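Just so we're aligned: the sequence shown equals residues 5 to 191 in my numbering.
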Amino acid sequence: MTAMFDGGTSMEFIKYITVILTFITIIVAWRFSDWRNWRKYYSTILFTIALNLTVTLLTYNHSLWYFHETVFLPNHVLTDFWMKYVYFPPLILIYLSHYPFKKNLIKQAGYILIWTLLWGAVEGFYVLVELTTYHNGWTMGWSAIIWMLIFVFIRLHLTRPLLTWFLCFLLTVFMIGYFNIPITELK
């Protein structure tokens, strides 16, 4: 796919994408999110970071996806931490600030679907330009399912945190088994 981006300038620009998208997300969150009630969303942001850290630890030696070097983020681990600590918090704030809590289930499902498609498209772009690659059986289909579940769990955690932790535990056990993640080999 890099043939699409043979021009040196295009490839150099691509290496800035992660940082550019993060700053766009921060600006959108700053301008259009419910900052007055950030404490209401804080535990859900921490939940998302903790969940992502768990995945990072469990898959450290058995990557399902890999983030490649960019200009400011020279390896997978730093990119992963950047996404957890800098990119996801404003993203979650935007998502929850505009969530249609008082609308019917169809509108809520539509909102989750829009976010799933949007972030699936962002990930698809990352795969297309080879900033992200999949490994050990992971596919774009799995990413789409997980993005949908992440957005459902973010919403659910706000009102039912213990249930959400339990469901994430079950999903983690399933993923460990399905993708043969060798947890007995962890340090």
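Where a beta carbon is used, it is the ideal one built from N, C-alpha and C, also for glycine.
In this text the structure is predicted, and so the values were computed from the model without any measurement.
Mind checking which residues open and close the alpha helix (DSSP H) that includes W86? For W86, the enclosing alpha helix (DSSP H) begins and ends at H80 to W86.
Collapsed DSSP secondary structure at W123 in the structure displayed: helix
N- and C-terminal bounds of the beta strand (DSSP E) containing F151: Reading off the sequence shown, one finds Trp at residue 151, where the question assumed Phe. Looking at the DSSP string, W151 is not in any beta strand (DSSP E); the run it does join, the alpha helix (DSSP H), is M144 to T163.
How do the segment 130–138 and the segment 91–101 stand: do at least 3 beta-carbon pairs fall below 8 Å, yes or no? Counting Cβ pairs under 8 Å, fewer than three are found: no touch.
Where does T6 sit, in a helix, a strand or coil, going by DSSP? Residue placement at T6 is flagged as unreliable, the pLDDT there being 47, under the threshold of 50; the coordinate-derived value follows with that caveat. Note: T6 maps to helix in three-state DSSP.
Within the same chain, show all residues whose beta-carbon is closer than 6 Å to that of T26, passing over the 5 residues directly before and after it, in chain order. V90 and Y91
Could you name each continuous alpha helix (DSSP H) segment of 4 residues or more that falls completely within the segment 33–103, going from the start of the chain to the end? 42–62, 80–86 and 92–101
How many Å lie between I28 and F36 at the Cα? Cα atoms of I28 and F36: separation of roughly 12 Å, rounded to the nearest angstrom.
Spatial neighbours of I53 in its chain, beta-carbon cut-off 6 Å, leaving aside the 5 residues before and after: Taken in chain order, the residues that qualify are K88.
Suppose you measure from the CA of Y103 to the CA of Y45; what does that come to, to the nearest Å? 12 Å
Spatial distance of T22 from K111 (CA atoms): Rounded to the nearest whole angstrom, the CA to CA distance from T22 to K111 is 30 Å.
Taking L121 as the reference, which of A148, T136, T143 and W142 has the closest Cα? A148
Note down the Cα distance separating T143 from N41, rounded to an integer number of angstroms. 37 Å
What number of angstroms, rounded off, separates the C-alpha of I154 from the C-alpha of F17? 29 Å
Using the DSSP secondary-structure output, state which residues sit across from T137 in a beta bridge. Bridge pairing for T137: Y70 [DSSP].
Taking its Cβ as the centre, do 16 or more other Cβ atoms sit within 10 Å of F170, making it buried, or is it exposed? exposed
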